[in-house]
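Okay, structure first, notes after.
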Amino acid sequence: MKQKPGERALEGKGSRRVADKWAKSEVLRGDVGLARHLPQTKVMTEKSLDEMLRKWRMVYVKPIRGSQGNGVMRAELKSGSRSGGVGPRYIYQLGETRRTFSTYAAFYRSILEVTKRQGYLVQKGIRMLKHGGRPFDIRLVMQRSPQGVWVATGTLGRVAHPRKIVTNGSQGGMIYPTAYLLKPFASKVLRSRMLEGMDKLAVRVAKRLHGAYPGIKELGLDLAVDRQLKPWILEVNTVPDPCPFTLLEDQSMLRRIVRYAKAYGKTYRLHCKKAKRGKRRGML
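Laid out in structure tokens, this is it:
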């Protein structure tokens, strides 16, 4: 049975997996402090996509239920000069394919062909920090300890494939230590404060979602950092893949993630096939 746009998934409270991005977003927006770190998001319709593009000029279109960056598109509205015979351009990129349209109607029809009329969201685009000209985000893993406390057990940075708009390792993203990617933008002291702040933000997210879905034991937060160094919550995954942590030189975080998971009866297949270890220059 196909999910209608905007339909909230009826996942049980005891479930460890909550796939519905809209449902999770609604829960988080109920916390004013967290809402400040959530990009504006709407269920995608012909009207909402048009309004969001006009307001933000760049947005992401993503499946309500999906993972590993599959089906995620970046859409942009580029202004043109009517006097020069060039009007606005509507552009979207999916994977390595980039398409341009002169009218919104044609642009939207093409997107509908891609989405096959499944439920999709449109989210304000965050101008993320870049490494080597490629955007990166931060994956932060949260886990429930045997004592019932949410703990930040791991963090890493993911740099997008040079020809793609998503950072997922499964899409060819490159894996780096988080502090290394932040180094060009912040002093050592500021980096430490930023990482501490992200951990606190993640704990707040975990507690909020756990209140709605008590069955969850682990979370993977995808955080974008903008040019003002503000962290934005792009997505929360209730079944995070620790595989990218195998690509870090420091394996202490991976060992901690595996140890915590074992305590609540979970094991992982740690075989990364597509993600790659990023090459570093200099020290942290």
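Once you know that position 118 of the sequence shown is 118 in the UniProt record's numbering, the rest is easy, because the numbers rise by one and skip nothing. Even for Gly, the Cβ is constructed at its ideal location relative to N, Cα and C. If you're wondering where the values come from, they're calculated on a predicted model, not measured in any experiment.
- Excluding sequence positions up to five before and after MET174, its CB lies within less than 6 Å of the CB of VAL159, LYS276 and GLY278, all in the same chain and listed in chain order.
- With a cutoff of 8 Å on beta-carbon distance, LEU181 and LEU248 are scored as not near each other.
- Rounded to whole angstroms, the separation of the alpha carbons of PHE136 and LYS164 is 11 Å.
- Straight-line measurement puts the Cα of GLN123 at about 8 Å from the Cα of MET52.
- The three-state reading of DSSP puts ASP50 in helix, counting H, G and I together.
- Distance from the CA atom of ARG29 to the CA atom of LYS217, rounded to whole angstroms, is 21 Å.
- The three-state reading of DSSP puts MET44 in coil, since its state is none of H, G, I, E or B.
- In the structure shown, GLU249 falls within a coil segment according to DSSP collapsed to helix, strand and coil.
- A distance of 8 Å or more separates the beta carbons of LEU140 and LYS21.
- Excluding five sequence positions before and after VAL59, the CB atoms of its chain that fall closer than 7 Å to its own CB belong to MET52, LEU53, ALA75, VAL122, GLN123, LYS124 and GLY125, given in chain order.
- The three-state reading of DSSP puts GLY157 in strand, counting E and B together.
- Per DSSP, the beta-bridge partners of TYR92 are ALA75 and ARG99.
- The C-beta separation of ARG89 from SER110 comes to about 13 Å, leaving the pair out of contact by the 8 Å criterion.
- ARG17 places its beta carbon less than 8 Å from that of THR238.
- Between MET128 and VAL61, the CB-CB gap reaches or exceeds 8 Å.
- For ARG193, the uninterrupted alpha helix (DSSP H) segment begins and ends at 188-212.
- Per DSSP, reduced to three states, the secondary structure at VAL27 is helical.
- The straight-line gap separating the alpha-carbon atoms of LYS47 and ILE91 is approximately 17 Å.
- Given a length threshold of 3 residues, each whole run of the beta strand (DSSP E) inside the segment 117-142 is given here in chain order: 120-124.
- Cα atoms of ALA261 and GLY80: separation of roughly 53 Å, rounded to the nearest angstrom.
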